[in-house]
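**Student:** Under the working numbering, read the sequence shown as residues 8 to 294, first letter to last.
Can you read through this structure? Questions will come right after.
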Amino acid sequence: MHIERLYCQTPLSGKLSFFSVLSVGGYCSFWISLTKVVKCLLHMAATTCGSTKPGSDHGASKRKRGPGPFAIAYLVIYNVIMTAGWLVIAVGLVRAYLTKGSYHGLYYAIEKPLKYFQTGALLEILHCAFGIVPSSVVLTAFQVMSRVFLTWAVTHSVREVQNEDSVLLFVVAWTITEIIRYSFYTFSLLNHLPYIVKWARYTLFIVLYPMGVTGELLTIYAALPLVRQTSLYSITLPNKYNFSFDYYTFLILVMISYIPLFPQLYFHMLHQRRKVIGSKEEHKKSE
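As structure tokens, this is what we get:
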């Protein structure tokens, strides 16, 4: 990945500055490279899933076996707990809405469980790293960390945005998505996956994914003026480390990063849907 002097010495002050001399060429190269990396990761993930089919090259004896009984038991317990946690969040949202009669300020009713269970998703990175789940560590880390970042570094840190409607937008999208996703994993581990759960897993994202991304972007955008005003998490010169960091600029770059990343992940899921759901629906029509 090519970036022209992301961290470098400024010609005048000689101080180390973050984002200070990021050239236009290097900036464009970064996003092009980022798009290529995401394509590569999605291809690797698809290849990993496809290589588990019997009869493929190199023989089954050379491949990694699936998780053992203890790992399966642990994963079932983990996914059941996470499903229950997000159900608690869903019930909390509904109860708060029925009590208040308004959707404004519903975030406060589910703030603690949202932080607990969204942070609990960090264990999924370890599951991939230890090989008990056959998924890409990098891709999983990216997806999980982006949500943890929004939960703690934006919504928790900039409390003024917690009243924004955009927060409720991504919270609702996350909640429905995670209930379906963890239920899907649980039933799959138990080898008893209802078709309705599979269908929901590979269909509802068509609406929920754009809905969540819209809420996330609007929330970050709402936080920008407050971050700039308070210099939140920013490091200015001079300091003993000769290092500067502008959190406001960083958030803008995070928003821009959605441009190459969102379409890649979205169309990847559409491709997966055609493979998992489309073929079965076509088979039923042919009958």
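Every residue, glycine too, gets a C-beta built ideally from N, C-alpha and C.
(1) Confirm, please, whether the CB-CB distance from L272 to M218 is below 8 Å.
(2) Starting from Y114 and walking both ways along the alpha helix (DSSP H), at which residues does that stretch end?
(3) Kindly give me the distance between the Cβ atoms of P201 and F194, rounded to whole angstroms, as I take these residues to be in contact under 8 Å.
(4) How many whole angstroms separate the CB atoms of Y123 and G75, which I take to be in contact at a CB cut-off of 8 Å?
(5) Looking at the structure shown, is S190 part of a helix, part of a strand, or coil, going by DSSP?
(6) Buried or exposed: M152, going by 16 or more other Cβ atoms within 10 Å of its Cβ?
(7) For Y255, which residues from the same chain have a beta carbon less than 6 Å from its beta carbon, with the 5 sequence-adjacent residues on both sides left out?
(8) Keeping to the same chain, check which residues put their C-beta closer than 6 Å to that of S109; ignore five residues upstream and five downstream.
(9) Mind checking which residues open and close the alpha helix (DSSP H) that includes P217?
(10) Quick one: is S30 buried, meaning 16 or more other Cβ sit within 10 Å of its Cβ, or exposed?
(11) Can you tell me whether S241 is helix, strand or coil according to DSSP?
(12) Does the Cβ of L133 have 16 or more other Cβ atoms within 10 Å, making it buried, or fewer, making it exposed?
(13) Quick one: is E167 buried, meaning 16 or more other Cβ sit within 10 Å of its Cβ, or exposed?
(14) By Cβ distance below 8 Å, which residues in the same chain neighbour I187 in space, the five residues on each side in sequence not counted?
(15) Which class does F252 belong to by DSSP, given the choice of helix, strand or coil?
(16) Identify whether I263 lies in helix, strand or coil by the three-state DSSP scheme.
(17) Output needed for F274: all residues of its chain with C-beta closer than 6 Å, excluding positions within five of it in sequence on either side, in chain order.
(18) From I96 to A116, what does the alpha carbon distance come to, in whole angstroms?
**Tutor:** Result, derived from the coordinates:
(1) No. Outside cutoff.
(2) 114-127
(3) About 6 Å separates the Cβ atoms of P201 and F194, confirming a contact at the 8 Å cut-off.
(4) Between G75 and Y123 the Cβ distance is about 28 Å, and since that is not below 8 Å, they are no contact.
(5) The answer is helix: DSSP assigns S190 an H, G or I state.
(6) exposed
(7) V234, R235
(8) none
(9) 212-237
(10) In this prediction, S30 scores a pLDDT of 39, lower than 50, which makes its location untrustworthy; the coordinate-derived value is nonetheless stated afterwards. With fewer than 16 other beta carbons inside 10 angstroms of its own, S30 counts as exposed.
(11) coil
(12) Burial call: exposed.
(13) exposed
(14) V204, A207, R208, L211
(15) strand
(16) Note: I263 maps to helix in three-state DSSP.
(17) none
(18) Roughly 9 Å between the two C-alpha positions.
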